[in-house]
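Structure record follows, encoded as C-alpha cells.
Number of protein chains: 2
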Amino acid sequence: MPLQYKIKIPKSTIDRMPLYHRCLSIMEENGITETSSQVLGLRVGVDPSVIRKDLAWFGELGKRGVGYNVPYLRQAIAEALGLNKDWPIILVGAGKLGSALADHNQKYVKHFQLVGIFDRDPAKHGRQVGGLTVRPMEDLPGVVKEHNVKMAMIAVPAKEAQAVAHVLVKAGIKGILSFAPISLSVPEDVLVYNSDYHLDLQRMAYFIDNRFDGGVG
Amino acid sequence: MPLQYKIKIPKSTIDRMPLYHRCLSIMEENGITETSSQVLGLRVGVDPSVIRKDLAWFGELGKRGVGYNVPYLRQAIAEALGLNKDWPIILVGAGKLGSALADHNQKYVKHFQLVGIFDRDPAKHGRQVGGLTVRPMEDLPGVVKEHNVKMAMIAVPAKEAQAVAHVLVKAGIKGILSFAPISLSVPEDVLVYNSDYHLDLQRMAYFIDNRFDGGVG
C-alpha cells in the first residue's frame with residue numbers, strides 16, 4: 001500500500017518549501033531582490049531542477065531567463081504554506097532540552113506561540129520557562145481545548161515519550177514534533193516529525209568521508 | 001552553476017539513508033526480520049519507489065517480490081554510510097541548549113563522541129556538562145588537532161554563531177551542525193547543516209491545515 005495523501009503536492013516538496021522560505025527571508029533581510037534556482041540551489045543544497053519543479057506546484061512564480069523576485073517569491077511561499085497564520089503550540093518536558101526549546105521559541109520563532117508547558121515532575125511545576133509557568137500534565141487537555149491547540153513538542157526521556165504521545169493524541173493533538181530518540185506509535189490521522197540531529201551528524205560524516213566538495217545543507 | 005559533488009550519489013539520497021537506517025534499527029530491536037519498500041515507506045514517509053532507487057545506489061540489497069532482510073539491509077547501509085566508524089566531535093556553547101545536547105549525546109548517540117565543550121563565558125568554564133569539563137575557546141584549536149576532529153556542533157546565540165564558525169573553520173573543522181537560527185558563511189570545502197525545528201513546525205502546520213492523512217515524518 002503506497003502512501004496516500006488527500007492533497008496532490010508531494011510530501012518531499014512540502015518538506016523542502018520551508019528551506020526555500022528561510023533562505024529567501026535571509027536574502028530579503030540582506031537587501032537581495034533577485035535570485036535564480038541556481039543560486040537558491042547552492043544555498044539550500046537542492047538541485048536547481050528540483051527547485052523549479054517544487055515551485056511549479058504553486059503556479060508561475062518566476063520568469064524564464066529572468067529568475068525570481070525575492071520578496072514576491074518569499075511571500076508566495078509563505079501564503080502557500082500558511083506561514084502568515086499563527087499557531088498555538090504546547091510543549092511537554094521542562095528539563096534542560098525543554099527549557100532551551102521554550103526560551104528559543106520565545107526569542108526567535110514567529111507564528112508558533114507556546115501556550116502551555118507541562119511536566120510530570122511536581123518539582124518543576126510553577127517554574128518560569130520561556131515566559132510561561134510549568135504546569136502538571138493534568139492541565140494539558142484543558143489548555144489544548146481552550147486554545148484549540150493542534151501541535152505539540154515532546155522533550156522528555158525516550159522511555160516516557162510514548163506515554164506522553166498517548167496523552168497528546170487523546171487530547172486532540174494532530175501533529176507531534178518529538179525530540180525523543182524513539183519511534184512513536186500514533187493513530188493514522190496524527191503526524192509525527194522526529195527532530196534528530198544524530199541523523200545530520202551521520203549525513204555530514206558521509207560527506208566528509210567521501211570528500212564532499214562544497215554546498216550548504 | 002549547478003551543485004557539484006565529487007561523488008556520484010545524490011545528496012538527497014544520502015540525506016534519506018540515515019532515516020532508513022534508524023527505522024531498520026528499530027525494526028531489528030523489535031525482532032522484525034523481513035521488510036519491503038512499502039513498509040519502510042510508510043514508516044519513514046518516503047515513497048517506496050524513491051526508497052528502491054536510493055537503495056539501488058548501493059548494490060543488490062533486496063530480492064524482487066521477496067523484500068529486504070532487516071539486519072542485512074541495516075548493516076549494508078551502516079557500512080555504506082560509514083556508520084560503524086567512530087567520529088570525535090566538539091560542541092561550542094554550554095548554555096541550556098548546549099548542555100541538553102551534551103547530555104543527550106552522552107546517553108544516546110553512538111559513534112559520535114564528544115571530546116570537547118567550549119564556551120566564551122568564563123563563568124561556565126570548569127562546569128561538568130555531559131561528562132566533560134567546559135573549556136575556554138582558546139583551548140579549541142589544540143583539542144581539534146589532538147583528536148583530529150572534523151565535525152562540530154554550534155549551540156550559541158544567533159549573533160555569536162558566525163564568529164564561532166570562523167574559529168571552527170580556522171581550526172580545521174569540515175562539518176558544522178548549527179543550532180543557531182542564522183545562515184552561516186563558510187568556505188566551499190566546509191559543510192553546514194542547520195538544525196531548525198521551526199522548519200518542522202512549518203511542515204506540520206501545512207499538513208494539518210490541508211487535512212494531511214497519516215504518515216510519519
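First to last, the sequence lines map onto chains A and B.
No gaps in the numbering here: position 120 of the first sequence is 120 in the numbering used here, and each next residue is one more.
No gaps in the numbering here: position 68 of the second sequence is 68 in the numbering used here, and each next residue is one more.
Virtual Cβ for every residue (Gly too), placed ideally from N, Cα, C.
On a predicted model such as this, the values are computed, not experimentally measured, just so you know.
Interface flag for B:H198 against chain A is set, since a Cβ pair is found closer than 8 angstroms. Neighbourhood of A:D86 in chain B, by CB distance below 9 angstroms: empty, with the nearest CB roughly 10 angstroms away. Nearest in C-alpha terms to B:M204, of all of A:K63, A:L81, A:N148, is A:L81. Contact of A:H147 with chain B is not assigned, every C-beta pair being separated by 8 angstroms or more. Take the alpha-carbon of A:N84 and the one of B:I90: they are about 37 angstroms apart. Taking 8 angstroms as the cut-off, the beta carbon of A:G175 is found closer than this to the beta carbon of A:M151. Here B:I32 is exposed. Its C-beta has fewer than 16 other C-beta atoms within 10 Å. What A:I26 touches in chain B, judged by beta-carbon distance under 8 angstroms, is I182, S183, going in chain order. Here DSSP, grouped into helix, strand and coil, assigns B:V129 to strand.
In this structure, B:I154 sits near B:V92, with a CB-CB distance shorter than 8 angstroms. In summary, the residues of the stretch 96-108 of chain A whose CB is separated from some CB of chain B by less than 8 angstroms are K96, L97, S99, A100, L101, D103, H104, Y108, in the order they occur in the chain. Put simply, the backbone Cα of B:I77 is about 23 angstroms away from that of B:V192. The C-beta of A:Q202 comes closer than 8 angstroms to at least one C-beta of chain B.
Between B:L199 and A:L19, the C-beta spacing is below 8 angstroms. Interface with chain A (8 angstroms Cβ-Cβ cutoff): B:F207 is included.
The Cβ atoms of B:V46 and B:R74 lie no closer than 8 angstroms to each other. Residues of chain A with a Cβ closer than 9 angstroms to the Cβ of B:P18 are, in chain order, D196, H198, L199, D200, L201, Q202, R203, Y206. Contact of A:D15 with chain B by beta-carbon distance below 7 angstroms involves R203.
In the DSSP assignment, A:V192 falls within the beta strand (DSSP E) that extends over 191-194. When secondary structure is reduced to three states using DSSP, A:E188 falls in the coil class, being assigned neither helix nor strand. Interface flag for A:Y68 against chain B is unset, since no Cβ pair is found closer than 8 angstroms. Here DSSP, grouped into helix, strand and coil, assigns B:V156 to coil. Assigned with DSSP and collapsed to three states, A:K110 falls in coil, not helix or strand. Residues of chain A whose Cβ lies closer than 8 angstroms to the Cβ of B:L114 do not exist, since the nearest Cβ in that chain is about 11 angstroms away.
Distance between A:H111 and B:A94, taken at the CA atoms: about 28 angstroms.
A straight-line Cα-Cα distance of about 43 angstroms links B:S12 and A:H125. Residues of chain A with a Cβ closer than 8 angstroms to the Cβ of B:L168 do not exist; the shortest Cβ-Cβ separation is about 13 angstroms. For the stretch 33-52 of chain B, the set of residues with a beta-carbon nearer than 8 angstroms to any beta-carbon of chain A comprises Q38, G41, L42, R43, G45, V46, D47, P48, V50, in chain order.
When Cβ-Cβ separations below 8 angstroms define contact, B:G172 makes no contact with chain A. Residue pairing from DSSP leaves A:I14 without any beta-bridge partner. Among the residues of chain B, those whose CB is under 7 angstroms from the CB of A:K150 are I208, following chain order.
Here A:S25 carries a helix assignment [DSSP, helix/strand/coil].
Measuring C-alpha to C-alpha distances from B:S99 to each of B:V134, B:P88, B:V190 identifies B:V134 as the nearest. Separation of A:V66 and A:S36 (C-alpha to C-alpha, rounded to the nearest whole angstrom) is 8 angstroms. Under the 8 angstroms criterion on CB atoms, B:L83 is classed as interfacial with respect to chain A.
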